[in-house]
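Start counting the sequence shown at 527; every next residue gets the next number (our numbering).
Inspection log for the structure reproduced underneath, given as structure tokens.
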Amino acid sequence: MIDLHTHSNASDGDYTPAGLMHEAKKKNITAIALTDHDTLGGLESAENEAKAVGIRFIRGIEINIDRVGGNFPGIGRGGEFHLLGLGLVSPTPDFLAAVAKLSRGREERNRKILDRMHELSIDASWEEVVALSGGHSIGRLHFARLLVQKKIVRTREQAFARYLRPGKPLYEPKAGIEFTEAAALIRGSGGIPVLAHPMSLYVSWGRFPDLVMALKERGLAGIEAWHPNTKPKSCRRFEELGKSLGLYITEGSDFHGNVRPDREMGCSNKGRKIDESVIEAIPELRLPSDSLPSVPCAENDE
527 MIDLHTHSNA
537 SDGDYTPAGL
547 MHEAKKKNIT
557 AIALTDHDTL
567 GGLESAENEA
577 KAVGIRFIRG
587 IEINIDRVGG
597 NFPGIGRGGE
607 FHLLGLGLVS
617 PTPDFLAAVA
627 KLSRGREERN
637 RKILDRMHEL
647 SIDASWEEVV
657 ALSGGHSIGR
667 LHFARLLVQK
677 KIVRTREQAF
687 ARYLRPGKPL
697 YEPKAGIEFT
707 EAAALIRGSG
717 GIPVLAHPMS
727 LYVSWGRFPD
737 LVMALKERGL
747 AGIEAWHPNT
757 KPKSCRRFEE
767 LGKSLGLYIT
777 EGSDFHGNVR
787 PDREMGCSNK
797 GRKIDESVIE
807 AIPELRLPSD
817 SLPSVPCAEN
827 DE
């Protein structure tokens, strides 16, 4: 059993990068990719621990893509456009510079969210947000936790629904990289660019084929067809579309830990185990033959 989409507290997950590897070991995961949002900060620690516990480690990232740039068919306002970079063998100086720019843009965004909280007469400080992040990359999740802590809302879900989603009082869009540039940076660093959770684009089914073809022409190599937030029927449609266009098909749990208890490491959708065959079909990520044994996930109710 493998997992090609996980997060640590270097971005918005619960576990430290090393702790995530220990959790993967408990689940008998044989290979895992750490794909934190717009940062490479957790990779070294995670890779060292993965080696120590005997798990194949894949260096990755999840990059926010600028939806406005690129002029791709079917992409308008709303939704999110994320690109996974899997197998980053050697990040180039240009890649590192782009990630650093994203990090600066993320801090600017977070400062604006804090200003919006003050405009709503919510007493909050930058130090409180940093404390909730553990000193790592700050995101909306940490502001949601702060709203819960201050009893503005009862749950993280309410925080997003009332304050942090697009169109809500505290929402501020993230900085992103133009798609073609991001795909080229990933490829130049030895990785493969994979469209993450395509349903989050909010593109109609009729426009998806032209969009994905346009993305492939500009550097896309794979599509994350199977994801926990997508219905099995839609996952199959994405898989068929990807295969018809000659793209790699990937699966991931998008695991965050306790903050997303609905997501199980090693399973992509309704208990669907992510098999090693997913990596075997991707030459750049192919597993060695002496894989570790896997364990079944929860029963698939499909």
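Every residue gets a Cβ at the ideal spot worked out from N, C-alpha and C, and that includes glycine.
Cβ neighbours of T681 in the same chain (closer than 7 Å, five flanking residues each side left out): Within the sequence shown, the letter at position 155 stands for residue 681. Counting only Cβ-Cβ distances below 7 Å, and skipping sequence neighbours, we find V674.
According to the Cβ coordinates, are I530 and L614 closer than 9 Å? Numbered from its first residue, the sequence shown carries residue 530 at position 4. Numbered from its first residue, the sequence shown carries residue 614 at position 88. The sequence shown places Leu at residue 530, not Ile. Taking 9 Å as the Cβ cut-off, L530 and L614 do not qualify as a contacting pair.
Is the segment 560-573 touching the segment 678-696 in the sense that three or more CB pairs, one from each, lie closer than 8 Å? Counting C-beta pairs with one atom in each stretch, the segment 678-696 and the segment 560-573 have fewer than three that are closer than 8 Å, which means they do not touch.
Where I591 falls: helix, strand or coil (DSSP): Against the sequence shown, residue 591 aligns to sequence position 65. The answer is strand: DSSP assigns I591 an E or B state.
Please say whether E707 and A624 have beta carbons closer to each other than 9 Å? Numbered from 1 along the sequence shown, position 98 holds the residue referred to as residue 624. Numbered from 1 along the sequence shown, position 181 holds the residue referred to as residue 707. Yes, Cβ-Cβ distance for A624 and E707 is below 9 Å.
If you measure between the beta carbons of F621 and L741, is that distance less than 9 Å? In the sequence shown, counting from the first residue as 1, residue 621 sits at position 95. In the sequence shown, counting from the first residue as 1, residue 741 sits at position 215. Not in contact: F621 and L741 (Cβ atoms no closer than 9 Å).
If you draw a straight line from the alpha carbon of D485 to that of M791, how long is it in whole angstroms? There is no way to answer for residue 485, as the model of the chain reaches only from 527 to 828.
Looking only at its own chain, which residues have a Cβ that is under 6 Å from the Cβ of S659, when we skip the five neighbours before and after it? Translated into the one-based positions of the sequence shown, residue 659 becomes position 133. Correct list, in chain order: H668.
Do D480 and F705 have their C-beta atoms within less than 9 Å of each other? The displayed coordinates of the chain run from 527 to 828. Any statement about residue 480 would go beyond what the structure contains.
Quick one: what does DSSP say G665 is sitting in, helix, strand or coil? Your numbering for residue 665 matches position 139 in the sequence shown. G665 falls in the coil class under three-state DSSP.
Counterpart residues of R585 in DSSP-defined beta bridges: Along the sequence shown, one-based indexing puts residue 585 at 59. Answer is L560, bridged to R585.
Mind checking S815: buried by the 16 CB within 10 Å criterion, or exposed? Looking up residue 815 in the sequence shown gives position 289. With a pLDDT of only 44 at S815, under the threshold of 50, the placement of this residue in the model should not be trusted; the figure read from the coordinates follows. By the neighbour-count definition (other C-beta atoms within 10 Å, threshold 16), S815 is an exposed residue.
Cβ atoms of L610 and G586: under 9 Å apart, would you say? Against the sequence shown, residue 586 aligns to sequence position 60. Against the sequence shown, residue 610 aligns to sequence position 84. Cβ atoms of G586 and L610: closer than 9 Å.
For L721, which beta-bridge partners are listed by DSSP? Counted from its first residue, the sequence shown places residue 721 at position 195. DSSP output for L721 lists L609 and I749 as bridge partner(s).
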